[in-house]
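Following: one structure in structure tokens, then a few remarks.
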Amino acid sequence: MPELTYRADSALLSGLNQPLQDLLVRAAALAQGQQATLWLVGGVVRDLLLDQPIEHDLDLMVEGDAVAFARLLAADLEGTVSAAHLAFGTATVILKKVQAGSAVFPLALDLARTRVEQYPQPAALPVVQPAGIDQDLRRRDFSINAMALSVQTVDGHLAPTTLLDPFGGRQDLAAGHMRVLHNASFDDDPTRILRGLRLAARLGFHLEPHTQTLLATALARRRLEATSPDRIRTELCLALAEPQPEEVLRLADAWSVTPHICVPLHWTATLATRCVRARAGETTSLHPLHYAGLLTYDLTAEERNHLAVRYRLPGDAVRLLRELDALQAIRDQLTRNLRNSELDHLLRPFGVVALEVVRVAEPPPIPAVITHYLVQLRPVTQLLDGHALRRLGIPPGPQLGQILRELRAARLDNLVATRADEESWAMQLWQKIRDAE
Ligand code: ATP
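Per my numbering, the sequence shown starts with residue 2, numbered consecutively.
Set out below in structure tokens:
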């Protein structure tokens, strides 16, 4: 669990890297010119207090016209405004290049007008109205996300900041507690349960006792089942993008949430070991699709299909799950002594992610077989292409395609080595095909 930083509240903004501080100085100056007040909110405040690196986009609340401010800011910083919603008072300013030392990185500033939200009925989308920062903080999910830091400038520098912490977020950070702000929080928006899981898994935090009781009540009232599957899917995708998605699933079991999302899914030590193994040796983080495959690996084809249909999973995820069904159906064949061309014939239809998932999840000898296929066989191409075959006098048509396929198989089985070998092999096959006609 990360520990609290020792910086004084007023100096918290000095935890941001210099380019971000410079950027805030300009934003604050512009806001002051507009008589608008600017606040950093949400994850960035939490992570500044925990002294975590600020690697995510910044959430800024504007007490004033956020969309007009976004346009001014984009013009000033040579950025672009995207996703501007006049009705909600929200906009994003995209900066393509923020310089930090020798590194250049893109950054999105999410701007929103401070507001209150009312839920016409549980689990429905809220009705939004402008309000001050104090009220804005009341609509948030957890105390540790319901803090704000004022962003003001004096003489071209960031002024000492003020931390607004109306729900004891700082204390909860120190205790490692997740606390909702009011009793109806999970009823109003059950996706907060999934947000909580993600954050608790990332930070190693626990639900404080009252929040646990509220969670149990919301689950018993089947609030997650009443939530739109699209909103749940968004949260599931975010969970898969966490550094350790298996930890999110372990907590989801511990909080008794998993059966409300997907009944047959549950954490096992085997599944966690597979995720750790998949990460080992990787220099960059694994793609969320890998985790989608690894975490659902022990489900049946029918259960995976149910998951895909219920949450209308995106095309690449559906394809992956289907490929896992098909690969699991042929796994016995992979343990036989196959010729290279036979192995290629079996595995060539599948995407690399599915093959990598199976490689991590299956016992020997399958991992070695898949590695052999991916490294030695998949990249192989024969020397002759369709044009070369046509120059040898083979006419275009299905037979040419067949000869190309068989030529590749011959190369994989080391039956041909040189271009001349391929040419004579192709001509012999062409002769055979003609004789058979
Ligand atoms: P992360 O590190 O995952 O980006 P974050 O807290 O910044 O964490 P965002 O999804 O960017 O996550 O949300 C920004 C802030 O908006 C949150 O900190 C929280 O205050 C508020 N928020 C987001 N979603 C909800 C929600 N469903 N209910 C209440 N508040 C929310």
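Where is the CB? At the ideal position from N, CA and C, for every residue including glycine. None of these values were measured; they are calculated from a predicted model.
The beta carbon of R349 sits closer than 8 angstroms to those of R379, all from its chain and outside the five residues before and after it, given in chain order.
Here R305 has T297, L322 as same chain residues with Cβ atoms under 6 angstroms from its own Cβ, once five neighbours each way along the sequence are excluded. In the DSSP assignment, P107 falls within the unbroken beta strand (DSSP E) covering 104-114. When Cβ pairs closer than 8 angstroms are counted between the two stretches, the stretch 242-251 is seen not to touch the stretch 206-220, the count staying below three.
In this structure G205 is exposed. Its beta-carbon is surrounded by fewer than 16 other beta-carbon atoms within 10 angstroms.
In the structure shown, the three-state DSSP call for T212 is helix. Nearest to A147 by C-alpha distance, out of G157, L300, L182, V117, is L182. Cα atoms of T274 and E118: separation of roughly 42 angstroms, rounded to the nearest angstrom. Here P246 is buried: its Cβ has 16 or more other Cβ atoms, across all protein chains shown, within 10 Å.
At a cut-off of 3 residues, the continuous stretches assigned as beta strand (DSSP E) that sit fully inside the stretch 142-230 are 149-152. The stretch 169-189 makes contact with the stretch 216-231; the number of CB pairs closer than 8 angstroms reaches 3 or more. Here the distance from the Cβ of V42 to the nearest heavy atom of ligand 1 is below 7 angstroms. The three-state secondary structure of P244, taken from DSSP, is coil.
In this structure, DSSP gives H86 an extended state, which the three-state scheme calls strand. Checking the DSSP bridge columns, you'll see A92 partnered with L112. By the neighbour-count definition (other C-beta atoms within 10 Å, threshold 16), S342 is a buried residue.
Partner residues in the beta bridge of Q130, as assigned by DSSP, are V117. A330 counts as exposed, since fewer than 16 other C-beta atoms from the protein chains shown sit within 10 angstroms of its C-beta. Put simply, of E283, E407, W256, L344 the residue whose alpha carbon is nearest the alpha carbon of K433 is E407. The count of Cβ pairs closer than 8 angstroms, one atom from the stretch 145-160 and one from the stretch 38-46, reaches three, so the stretches are in contact. In the three-state DSSP reduction, D60 falls in the strand class (E or B).
The Cβ-Cβ distance between A362 and E324 does not fall below 8 angstroms.
Straight across, the Cα-Cα distance linking H261 with L239 is about 18 angstroms. The DSSP-derived three-state label of W431 is helix.
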